[in-house]
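*Asks:*
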Amino acid sequence: MLEEITSQYSPEKLERKIQDFWEKSDAYSKVREHRRGGKRFFFVDGPPYTTGHIHLGTAWNKIIKDSILRYRSMNGYDILDRAGWDMHGLPIEVKVEGVLGFTSKKDIEKYGVGNFIEKCKEFALNQKDDMTEQFRMLGAWLDWKDPYMTLRDEYIEAAWWTLKRAQEKDLLEQGKRVVNWCPRCETAIADSEVEYSDRDDPSIFVKFRLKDEENAYVVIWTTTPWTIPSNIAVAVHPSFEYSKVKAKTSDGREEILIIASQLVEPVLKKGRYAGYEILGSMLGEDLTSLSYEHPLADKVPRQAAMEHNIYLADFVTAENTGCVHIAPGHGMDDFEVGLKNNLPIFCPVGSDGRYTEAAGDYTGMHIRDANTTVIEDLKERGLLLARGKITHRYGHCWRCKTPIIYLATEQWFIKISDLKEQMLSEIQQVNWYPSWAGSARFRDWIEGARDWCVSRQRYWGIPIPVWKCRTCDSMHVVGTKKELLEMSGLSGDIELHRPYVDSVTIDCPCGGKMKRVEDVFDVWFDSAVASWATLRFPQKAEDFEKWWPADFITEGHDQTRGWFYSQLGASMVAFGKAPYKSVLMHGFTLDGEGKKMSKSLGNVIEPKDVIAKYGADTLRCFVLSASAPWDDLKFNSEELGTINRTLNILWNVYRFPLPYMVLDKFDPSKVSLESVREHMRREDRWILSRAQTLINDVNKAMDQYTLHRALRSINEFVLEDLSRWYVQLIRPRTWVEADDPDKLAVYRVLYEVFVIMTRVIAPFMPHLAEEMYQNLVRNVYPDAPESVHMNDWPVADESLIDKELETHMDMIRSMVEASSNARQKAGRKLRWPVSRIVVSPSSEQVAEAVASLKSVLMDQTNAKDIVLIGVGEPWDELGYEAIPNPSTIGPVYKGDAGKVLAAIKGADVMSLRRSLASSGQAEVDIPGGKATVTPEMVKFEERMPEAVASAEFNAGSVYVDAKLTRELESEGYAREVIRRVQDMRKELDLAVDEGIRAHIRITDQRVLDLVLDLEQHIAKEIRAEVQVIGLDVDANGTLSKDWDVEGVSMSIGISPT
RNA sequence: GGGCCCGUAGCUUAGCUCGGUGGAGCGCACGGCUGAUAACCGUGAGGUCCUGAGUUCGAAUCUCAGCGGGCCCA
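Numbering (the numbering used here), first residue to last: 164 to 1220.
(1) If you follow the alpha helix (DSSP H) that T350 is in, where does it begin and where does it stop?
(2) So, at 8 Å on beta carbons, what are the nonlocal neighbours of E589 in its own chain, with the 5 sequence-adjacent residues on each side left out?
(3) The alpha helix (DSSP H) spanning D1022 covers which residue range?
(4) Can you list, in chain order, the stretches of the beta strand (DSSP E) that have 3 or more residues and sit fully within the stretch 646-727?
(5) Under 7 Å from any heavy atom of the ligand GDP, does the C-beta of L446 make it?
(6) To the nearest angstrom, how far is it from the Cα of K906 to the Cα of V839?
(7) In chain order, what are the residue ranges of uninterrupted alpha helix (DSSP H) at least 4 long that sit wholly in the stretch 924-951?
(8) Compare the Cα-Cα distances from V257 to each of T213, E296, D1059, P401 and report the closest residue.
(9) To the nearest angstrom, how far is the alpha carbon of T313 from that of P626?
(10) Straight-line CA distance for V943 to W888?
(11) If you reduce the DSSP assignment to three classes, tell me which class H488 lands in.
(12) Give the DSSP-derived three-state secondary structure of W898 in the structure shown.
(13) Tell me whether Y230 is buried or exposed, calling it buried when 16 or more other Cβ atoms sit within 10 Å of its Cβ.
(14) Restricting to runs no shorter than 3 residues, where is the beta strand (DSSP E) found entirely within the stretch 1017-1073?
(15) Go to H555, then tell me how far its beta strand (DSSP E) extends in each direction, as first and last residue.
(16) Under three-state DSSP, which class holds F279?
(17) Counting Cβ pairs closer than 8 Å, one from the stretch 629-645 and one from the stretch 318-328, do we hit at least three?
(18) Would I568 be called buried (16 or more neighbouring beta carbons within 10 Å of its own) or exposed?
(19) Determine the closest residue to V1155 out of I1163, L426, G438, Q1145, with distance taken between C-alpha atoms.
(20) Which one of P957, K291, P254, A321 has the shortest CA to CA distance from P310?
(21) Y436 by DSSP, collapsed to three states: which one?
(22) Along the chain, where does the alpha helix (DSSP H) that runs through T159 open and close?
(23) Give the secondary structure of W599 by DSSP, where H, G and I count as helix, E and B as strand, and everything else as coil.
(24) Quick one: Cα of G215 to Cα of T643, how far?
(25) Taking all protein chains shown into account, do 16 or more other C-beta atoms lie within 10 angstroms of the C-beta of Q171, making it buried, or fewer, making it exposed?
(26) Please name the residue, chosen from G338, V1063, L810, that lies closest to G1092 on a Cα-to-Cα basis.
(27) Could you name the residues that DSSP lists as bridge partners for P1219?
(28) Would you call the CB atoms of I217 and F298 closer than 8 Å?
(29) Identify whether T634 lies in helix, strand or coil by the three-state DSSP scheme.
(30) Should the stretch 857-877 be regarded as contacting the stretch 783-801, the criterion being three or more beta carbon pairs within less than 8 Å?
(31) Leaving aside the five residues before and after G1053 along the sequence, list all residues of the same chain whose C-beta is less than 7 Å from its C-beta, in chain order.
(32) Looking only at its chain, what residues have a beta carbon closer than 8 Å to the beta carbon of P948, apart from the 5 residues adjacent to it on each side?
(33) What's the gap between the Cα of R818 and the Cα of D827?
(34) Of the choices D973, Y1043, S1050, whose alpha-carbon is the least far from that of V1015?
(35) Determine the burial state of N505: buried for a count of at least 16 other Cβ atoms within 10 Å of its Cβ, exposed for fewer.
(36) Distance check for E769 and W726, CA to CA, integer angstroms please.
Structure representation (structure tokens):
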């Protein structure tokens, strides 16, 4: 049987109870099991990095996923949804280093790589557990018990296998490349791991002495003096004009400089030259015959042995000097110039950021300290033309914030640039939500794709499965653990992480030993293989055949360059096709000011704080409804309160009829909707129709992943249709005590709507839905599915949809609003009945609405009668006043104008109106004759009958006749009395059906008589077993109060009997 | 500097695909209802639809330029 609920909506308690229930009954597994064999839906969870705590953005992300999956599940889909965890990489190494107090790789080596790896693993697993708990609090259902973890062997094998595929397809390459390098972490970092922020650097102009000409220099500019020891060449633009200038220094010496012509002035000014003379000019392409001496050749002996020439490059811009310092070991562009011209890739800087022995006198110095020294050395040699400072955007390591440097190092690459065209065509096969996420944003990113450096010189990561022979240098890429065991001849199990895997050797056919290269994978490569790793491929192939590629993924727009891209790249390598069929790109969470949430700004909102205050369902509704998924979400705590209030209203609506239903032993299992059909009123059919429409609206929204529209439809239905309208309409019907078919119809209809609601809200407010379901459905039908989430999504019953009725009801609602407005003007509050309401419709449809829903209109306006007048016809009781228009009458009648004005005012208004309307003119009597009046000479203003007020609505007008009669007044006062007694009953906390003794003193004889007219009615309404009303009644009781009713004083005393 | 997105009432936003009288909620002011009651409802004030130009009979909506914010890149 249905149970009454008495408590307020308290989400914290409710949600804890529901989550316990899910836990104990293993609801998640049962729901997934329930759909086995259905249409498959393969979802891949974008693995959050195991930082240990979730923030609002990650909460939003999981809430979107959860709502969509719950919706899919209810629609019969067999869902695969292992949660994922990204657990390798520098961030965890950096944290563990912090805990252990380490500052460099040497500390780790000293501590022991094995020990360090164990710490990292322990750390990652603990963080994962903490975060799982936080995600569960949101009511997010994913497969938490069997998540995929990047640190598992099965996962590592997926990465290995993929790299082997790359090698088989000739997409794997090892080579010297200039990479972004973090000198603190001593590793290459990906482009996507570089964080740009402002930084101050030196800005220096340096003279490079030309070899074949006395006292002549080419002038370069740089912000990285520490790269000067590595300088190999100078680049100029082939088509720029360069000048040879004889410049005079302030102390009278002369030197010859080569600078881009348009930059001569500013450069010489910076060098504080006293004057200059242009000796000649030439194009950049004419400069290539020049060679120069390295400025620090005496300090760096290796440099003295190398040639230094001028080369051409298109990337040179007409800024600074137009001549660019080229150090192929320290810059991407520089490296390109080096490759093209066969220059030595001279890189005398080690992985720790210190000069190596190749740097001669600078050996051992950290590049961080080298700028000053180099500048001093250049100055000493008279080669520093100018020095200054510059503030510019510069890349930093996103984990430790150290400024990055560029180093030419041996790295492993996947040749993504070879796959670009295929990638571009593949993404067109993917459904993007919104479409521009794929067609514009992602497309642009792919068009700029470069080869992917997948190697890192660290410890905590997936080891790169490349074994190289120490003797013959041949290499082998291992694809699986099994392959490694076989090739190495080891038996039993092995740990695939460093340092264990590093000790495994393979015999090379040449007789030598193959050892693993020391690098680990870029973590982006880990998550890139998620779609097959989560299917345990390559260990098991069946699931891959069955499920891959993913039907759906959804992540934030930062993942365009991240996971959307890395997955696509890896999948092109592995299988030659996109790993996902549809992608929903969502936004970012911002604070109330629209600023990014970050720890340093201190504006971070913790999901758990929100949950503690408002509950998870409120948080879910907020993030889902506040903006379109792909727009950024501004967090606003006031809005949370509003959402919470909405849920509270839904709760109250659900709670409201239960006491009556329970009292009447209403059993929905014994009363079919069909059986009450003949007793349904128009409003009952209306709410049933609206409920079906709601189902359709939510379906439509979910098809396009416009979750905000789904939520807003639900919201509007709850507030507008259910709470503000239907419940108001049916309240009197639920108070009837007898066995009444009309009441039964209301119960059954409400029940129907509630049951639909439990399902419609289930994907979005899973806790509240479950709570309602357990009472409404499980208490009535014990054989019903154990959880609301096992139910099928409701199918809209088209036969119940009546669009015309919905339109009519909308019109009635605007009439009711207009009549409230008119009442307010007439000063007659709703409690007091009015004799009639006159509706003047502007269309036939409005007239139909009134005819069809007259009783609703009467009830809601508290009117004794509704008078409907014809479309476009005036209400015949309406008076009009004719207002003459002097500015049109004057010119026509001149001297007689005054008489015409008076005649119009005095004329019979109705006949004047009729005549003007029918023939376009009218005659009025003026002293000494008649005058013809045309429509522009007169306008008519409505004159209300006494005590009538009017108001417009969007399709007509209403007139409220507030004239009082004895009956109306009697009823009004009776309701005033009833209302006050009810208030007092409430104050005494009496049960609804508890009897009372009531004593009422009314000192105004006229009002007393009016009230006594309805004495019986009053007694019944307030459940008075004894009731005394009179002029000098002693109004005492358990509770007694004095009241002022419209200026009449009343004293009321009540006591329970 | 480039790409994509966003900009509507004090605040949060709908409407923009496909041009035709800008709708809500919160807050504010006033009023109402009364066994959903620590709930609820009505009315009112409040808009250069970021700015400017263009297309058009007509632009919040389409186009271009600019300004501000977000993400990503250089």
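C-beta: ideal position from N, C-alpha, C; glycine also.
*Replies:* This is what the structure holds:
(1) Here residue 350 refers to the residue found at position 187 of the first sequence. Counting along the chain, T350 falls outside any alpha helix (DSSP H), though it belongs to the beta strand (DSSP E) covering 350-352.
(2) Residue numbering aside, residue 589 sits at position 426 when the first sequence is read from its first letter. Once the five neighbours on either side are set aside, the close Cβ partners of E589 are L731, M735, K740, A741.
(3) On the first sequence, position 859 is the one that residue 1022 refers to. Taken as a continuous stretch (DSSP letters only), the alpha helix (DSSP H) holding D1022 covers 1017-1024.
(4) 676-679, 716-719
(5) For the ligand GDP, the structure offers nothing, since it holds no ligand at all.
(6) Along the first sequence, one-based indexing puts residue 906 at 743. Along the first sequence, one-based indexing puts residue 839 at 676. The straight-line gap from Cα to Cα measures roughly 10 Å.
(7) 929-936
(8) In the first sequence, counting from the first residue as 1, residue 257 sits at position 94. If we check each option's Cα against that of V257, T213 comes out closest.
(9) Along the first sequence, read from residue 1 onward, the residue named residue 313 stands at position 150. Along the first sequence, read from residue 1 onward, the residue named residue 626 stands at position 463. Each residue's alpha carbon lies about 12 Å from the other.
(10) Your numbering for residue 943 matches position 780 in the first sequence. Your numbering for residue 888 matches position 725 in the first sequence. Taking the straight line from one Cα to the other gives about 27 Å.
(11) Residue numbering aside, residue 488 sits at position 325 when the first sequence is read from its first letter. Strand at H488.
(12) Counting from one through the first sequence, the residue named residue 898 turns up at place 735. If DSSP states are grouped into helix, strand and coil, W898 belongs with coil.
(13) The count along the first sequence starts at 1 and reaches residue 230 at position 67. The sequence shown places Ser at residue 230, rather than the Tyr named in the question. Looking at its Cβ environment, which holds 16 or more other Cβ atoms inside 10 Å, S230 is buried.
(14) 1029-1031, 1042-1047
(15) In the first sequence, the residue the question calls residue 555 occupies position 392. Run containing H555: 547-560, per the beta strand (DSSP E) assignment.
(16) Position 116 of the first sequence, counted from the start, is the residue given in the question as residue 279. Looking at F279 - three-state DSSP - the assignment turns out to be helix.
(17) yes
(18) As a working note, residue 568 is residue 405 in the first sequence. I568 is buried by the Cβ-count criterion.
(19) Counting from 1 along the first sequence, the entry for residue 1155 is found at position 992. Out of I1163, L426, G438, Q1145, Q1145 has the C-alpha closest to the C-alpha of V1155.
(20) Along the first sequence, one-based indexing puts residue 310 at 147. Selected option, being the one with the closest Cα: K291.
(21) Counting from 1 along the first sequence, the entry for residue 436 is found at position 273. Note: Y436 maps to coil in three-state DSSP.
(22) For residue 159 there is no data in the structure shown, the boundaries of the chain being 164 and 1220.
(23) In the first sequence, counting from the first residue as 1, residue 599 sits at position 436. Here W599 sits in helix by DSSP.
(24) For the purposes of this step, residue 215 is identified with residue 52 of the first sequence, where counting begins at 1. For the purposes of this step, residue 643 is identified with residue 480 of the first sequence, where counting begins at 1. Cα-Cα distance, rounded: 31 Å.
(25) Within the first sequence, numbered from 1, the residue matching residue 171 stands at position 8. With fewer than 16 Cβ atoms within 10 Å of its Cβ, Q171 is classed as exposed.
(26) As a first step, residue 1092 must be located in the first sequence, where it is residue number 929. With distances taken between Cα atoms, G1092 lies closest to V1063.
(27) To locate residue 1219, count along the first sequence from 1; it is residue 1056. P1219 pairs with I1159.
(28) Taking the first residue of the first sequence as 1, we reach residue 217 at position 54. Taking the first residue of the first sequence as 1, we reach residue 298 at position 135. Yes, they are a contact pair.
(29) Walking along the first sequence from the start, residue 634 turns up at place 471. Three-state result, T634: coil.
(30) yes
(31) Along the first sequence, read from residue 1 onward, the residue named residue 1053 stands at position 890. So the qualifying residues of the chain are A1060.
(32) Taking the first residue of the first sequence as position 1, residue 948 is located at position 785. Closer than 8 Å at Cβ, skipping near neighbours: H197, N954.
(33) Reading the first sequence from its first residue, position 655 is the one you call residue 818. Reading the first sequence from its first residue, position 664 is the one you call residue 827. Spanning the two alpha carbons is a distance of roughly 15 Å.
(34) For the purposes of this step, residue 1015 is taken as the residue at position 852 of the first sequence. It is worth fixing the name first, because residue 1015 is Ser in this sequence and not Val. Nearest C-alpha to S1015: D973.
(35) Residue numbering aside, residue 505 sits at position 342 when the first sequence is read from its first letter. By the 10 Å Cβ count, N505 comes out exposed.
(36) Reading the first sequence from its first residue, position 563 is the one you call residue 726. Reading the first sequence from its first residue, position 606 is the one you call residue 769. One C-alpha to the other measures close to 25 Å.
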